[in-house]
Amino acid sequence: VATGKPWIKFATCQGRVLFLNFEIQRAFLKSRIEALQQHKQAGCLGNLDIWNLRGHLMEFGEMAAEIVRRTADRSYSLIVLDPIYKAMAGSDENASGNVGSLCNQLERISHQGAQAEASSMVLHPAGLKGSILTVVAEH
6 VATGKPWIKF ATCQGRVLFL NFEIQRAFLK SRIEALQQHK QAGCLGNLDI WNLRGHLMEF
66 GEMAAEIVRR TADRSYSLIV LDPIYKAMAG SDENASGNVG SLCNQLERIS HQGAQAEASS
126 MVLHPAGLKG SILTVVAEH
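Just so we're on the same page, this note's numbering is the position in the sequence shown counted from 1, plus 5.
Below, the structure is given as C-alpha cells:
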C-alpha cells in the first residue's frame with residue numbers, strides 16, 4: 006500500500022501506512038524491510054511509518070487511545086499491527102470476548118484516528134508455514 010504496488014496479487018491504491026512492530030528488534034526489521042524493498046523493487050518507502058514498540062506494550066485499550074491520539078492529524082490508509090498476540094498481552098486470543106474487544110478497539114482506531122480514513126490489519130502467526138493476514142476493520 007505504501008508503494009501502490011500489488012500485494013499478494015491484489016491491486017492496491019497508494020497511501021500512507023503505519024506499521025506497529027511489537028516483536029522484531031529495530032535493526033533486524035530495518036534489514037528485512039531493505040531486503041524486501043530491493044527484492045520487490047519497491048522504490049521509495051516515504052509513505053511507510055514504523056513504530057518499533059518491542060518491549061513497550063501496554064493494555065490494548067490504552068494503546069488504542071494512544072494510536073488515535075498520535076494519528077489524529079495524519080492521513081493513514083492502513084494501520085498494521087504485527088503480531089497481534091503481542092498487543093493482546095494478558096488476553097486470550099482464542100476467547101471470543103477478548104477478540105471482540107480487540108475488534109472494537111481496531112474499529113476505534115480506524116474511525117477516530119488517522120483522520121478516520123484507515124483500514125486496520127492484524128498479523129497473526131499460523132504455525133511454521135506462514136501467517137494468516139486478516140483485515141479486521143475497514144473504512
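Even for Gly, the Cβ is constructed at its ideal location relative to N, Cα and C.
{"Asked": "Cβ neighbour criterion (16 or more within 10 Å) applied to Leu41", "Found": "exposed"}
{"Asked": "Contact check, Asp87 vs Phe27, beta carbons under 9 Å", "Found": "yes"}
{"Asked": "Stretch pair the stretch 29-39 + the stretch 50-60: three plus CB contacts closer than 8 Å", "Found": "yes"}
{"Asked": "Reduced DSSP category for Asn52 - H, G, I as helix; E, B as strand; rest coil", "Found": "coil"}
{"Asked": "Limits of the alpha helix (DSSP H) - the one that Phe24 falls within", "Found": "Taken as a continuous stretch (DSSP letters only), Phe24 belongs to no alpha helix (DSSP H), being part of the beta strand (DSSP E) at Arg21 to Asn26."}
{"Asked": "Neighbourhood of Leu53 by C-beta, 7 Å cutoff - its chain only, sequence neighbours within 5 removed", "Found": "Ala7, Val22 and Phe24"}
{"Asked": "Straight-line gap, Gly20 to Gly9 (C-alpha atoms, nearest Å)", "Found": "7 Å"}
{"Asked": "Met126 - containing beta strand (DSSP E), residue span", "Found": "Ser124 to Pro130"}
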